[in-house]
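In my numbering, the protein residues as written are 309 to 422.
Structure below.
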């Protein structure tokens with residue numbers, strides 16, 4: 309008989325989000341249009357890459373998921389523990405990059421189907 313999977317999950321595991329980075333949910337919740345910021349050269353790809361690495365290395369993805377869930381997918385700011393809080397706040401303050409002012413919504417990139 310194969311061993312059973314552990315019943316307890318780590319305290320920092322994001323509920324029902326798998327391996328997804330929560331930065332995409334946070335960006336949408338804050339109504340930030342990353343594509344627009346990149347197109348206007350206000351968000352270098354290197355910086356976006358660093359933000360994704362920060363999110364991946366964050367010790368609190370479960371808490372982040374709870375934070376997002378408790379705000380029904382909308383928030384004025386990233387939580388104080390977010391490693392990207394300062395950059396996200398900077399992007400949000402510049403309303404040119406807000407999805408509220410832009411015609412499209414930022415979404416996580418999708419893998420190409422084979």
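A virtual CB, placed ideally from N, CA and C, is assigned to each residue, including glycine.
- Under the criterion of beta carbons closer than 8 Å, residue 362 and residue 387 do not qualify as touching, at roughly 13 Å.
- Cβ-Cβ separation between residue 396 and residue 338: approximately 6 Å, consistent with a contact (criterion under 8 Å).
- Note on residue 353: under 16 other CB atoms within 10 angstroms of its CB, so exposed under the neighbour-count rule.
- Between residue 399 and residue 365, the gap from beta carbon to beta carbon reaches 9 Å or more.
- Rounded to the nearest angstrom, the gap between the Cα atoms of residue 343 and residue 332 is 12 Å.
- Within the segment 331-369, the complete alpha helix (DSSP H) runs of at least 4 residues fall at 331-337, 342-347, 353-365.
- Taking a 10 Å sphere around the C-beta of residue 367, we find fewer than 16 other C-beta atoms and assign the residue as exposed.
- When the beta-carbon positions are compared, residue 376 and residue 334 come within less than 9 Å of each other.
- Excluding its 5 nearest sequence neighbours in each direction, residue 382 has C-beta neighbours in its own chain below 7 Å: 337, listed in chain order.
- Relative to residue 330, the option among 401, 402, 393 whose CA is nearest is 393.
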